[in-house]
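Asks: Pasting in a structure now, in structure tokens, and then I'll have a few things to ask.
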Amino acid sequence: MDEAEFDYIFKIVIVGDSGVGRTNLLLQFVQGVFIPQSRSTIGVEFRVKTVEVNGKSVKIQIWDTAGQERYRAITKNYYRGAVVALLLYDITSSSSYNSLQKWIDELKMHADGNVIVMLIGNKCDLSGQRTVLEADAQNLANDNSFLFFETSAKEATNVKEAFMALVRELVNQNSRSRGDGESNHNQSVKTGAGVSIDEPTDGKKKKGCCKK
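Take 1 as the starting number for the sequence shown in UniProt numbering and just add one per residue.
Spelled out as structure tokens, the structure:
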């Protein structure tokens, strides 16, 4: 795409343990597909999607980082320049939820201090197998000033809603930081415009959940 064809470009990284559904969440949003037996991410995979928000064309670069320990060194550089981190766990896997602090620590170490973080509990179509309470995840999000959604990459529940909530927040922040009357062409959110992962705030948290 020619640079003149979009007004903003944002980098988003998706992190979380292997098997939580990062790749399928990405594919569902970008291509509208779900692959039941998708292979594990090797290193980093990359997709681009352009959406329109408030009359602005927004190009989103989405990086799916491998969850396996042996790829951690490879993926560290890809946090740089990200304005959003999607932090995924599987609602049927307590171990993936218990690993979240490890990922939060990694974000603090390698991402910009004011990156916006959205906590996502994936596979909410398997609510009968749930081992992670939604209330517990909501409390974790509240304590860290993270945004929060539960999604189903398989059924496309809340996938578009979660990504678009982030994009709208980014566009609005960028507009406020530059002034409504100024051109925003090809600008990404400035560092410091998001929610700090170092110093939680008491602001209202955004939340979404699976439709019952």
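C-beta atoms are modelled at their ideal positions from N, C-alpha and C, and glycine is treated no differently. Since we're looking at a predicted model, the values are computed, not measured.
Got a sec, what are the start and stop residues for the alpha helix (DSSP H) E106 sits in?
Replies: Taking the first residue of the sequence shown as 1, we reach residue 106 at position 106. Element bounds for E106: 100-110.
Asks: For A137, which three-state DSSP category applies?
Replies: In the sequence shown, residue 137 corresponds to position 137, counting from 1. A137: helix per DSSP, three-state reduction.
Asks: Do you know offhand how far D125's Cα is from N144's?
Replies: Numbered from 1 along the sequence shown, position 125 holds the residue referred to as residue 125. Numbered from 1 along the sequence shown, position 144 holds the residue referred to as residue 144. Going by the C-alpha atoms only, they are around 26 angstroms apart.
Asks: When burial is assigned at 16 or more other CB atoms within 10 Å of the CB, is R176 buried or exposed?
Replies: Reading the sequence shown from its first residue, position 176 is the one you call residue 176. Burial call: exposed.
Asks: Quick one: which unbroken alpha helix (DSSP H) runs of 4-plus residues sit fully inside the region 150-182? Chain order, please.
Replies: Qualifying alpha helix (DSSP H) stretches, in chain order: 159-178.
Asks: Per DSSP, what are the beta-bridge partners of S90 in this structure?
Replies: On the sequence shown, position 90 is the one that residue 90 refers to. Note that residue 90 corresponds to Asp in the displayed sequence, not to Ser. Paired residue(s): N122.
Asks: Which same chain residues end up closer than 7 angstroms to K123 when comparing Cβ atoms and leaving out the 5 residues on each side of it in sequence?
Replies: Start at 1 with the first residue of the sequence shown, and residue 123 comes out as number 123. Answer for K123: G21, D90, I91, T92, S152, listed in chain order.
Asks: Please report the straight-line C-alpha distance between I116 and L25, rounded to a whole angstrom.
Replies: In the sequence shown, the residue the question calls residue 116 occupies position 116. In the sequence shown, the residue the question calls residue 25 occupies position 25. Cα to Cα, the separation comes out at about 18 angstroms.
Asks: Within this structure, are the beta carbons of F29 and F163 separated by less than 8 angstroms?
Replies: Position 29 of the sequence shown, counted from the first residue, corresponds to residue 29. Position 163 of the sequence shown, counted from the first residue, corresponds to residue 163. Yes, the Cβ-Cβ distance between F29 and F163 is below 8 angstroms.
Asks: Under 8 angstroms: do the region 56-65 and the region 95-102 share three or more Cβ pairs, one atom per stretch?
Replies: In short, these stretches do not touch, since the Cβ pair count stays below three.
Asks: When you compare only the Cα positions, how much space is there between G157 and L27?
Replies: Locating residue 157 in the sequence shown gives position 157, where the first residue counts as 1. Locating residue 27 in the sequence shown gives position 27, where the first residue counts as 1. Note that residue 157 is Thr in the sequence shown here, rather than Gly. Roughly 13 angstroms between the two C-alpha positions.
Asks: Taking the alpha carbon of L140 as the point to measure from, which residue in I120, E155, G128, T131 has its own alpha carbon closest?
Replies: Your numbering for residue 140 matches position 140 in the sequence shown. For the residues I120, E155, G128, T131, the minimum Cα distance to L140 belongs to I120.
Asks: Given E45, which residues of its chain have a CB within under 8 angstroms of its CB, disregarding the five upstream and five downstream residues?
Replies: Taking the sequence shown and counting its residues from 1, the one referred to as residue 45 is at position 45. So the qualifying residues of the chain are T23, L26, W63, D64.
Asks: What does DSSP give as the partner residue(s) for D17 in the beta ladder?
Replies: In the sequence shown, counting from the first residue as 1, residue 17 sits at position 17. Paired residues: none, contrary to the question.
Asks: For S57 versus F10, is the C-beta distance shorter than 8 angstroms?
Replies: Along the sequence shown, one-based indexing puts residue 57 at 57. Along the sequence shown, one-based indexing puts residue 10 at 10. Not in contact: S57 and F10 (Cβ atoms no closer than 8 angstroms).
Asks: If you drop the 5 nearest sequence neighbours on each side, which residues of the same chain put their C-beta closer than 6 angstroms to that of K154?
Replies: Residue mapping note: residue 154 aligns to position 154 of the sequence shown, counting from 1. Closer than 6 angstroms at the Cβ level, and outside the excluded window around K154, lie F34, D125.
Asks: May I have the straight-line CA-CA distance separating E52 from Q138, to the nearest angstrom?
Replies: Within the sequence shown, numbered from 1, the residue matching residue 52 stands at position 52. Within the sequence shown, numbered from 1, the residue matching residue 138 stands at position 138. Spanning the two alpha carbons is a distance of roughly 29 angstroms.
Asks: Using a Cβ cut-off of 8 angstroms (strictly closer), state whether K108 contacts chain B.
Replies: Protein chain content of the structure displayed is limited to a single chain, and chain B is not contained in it.
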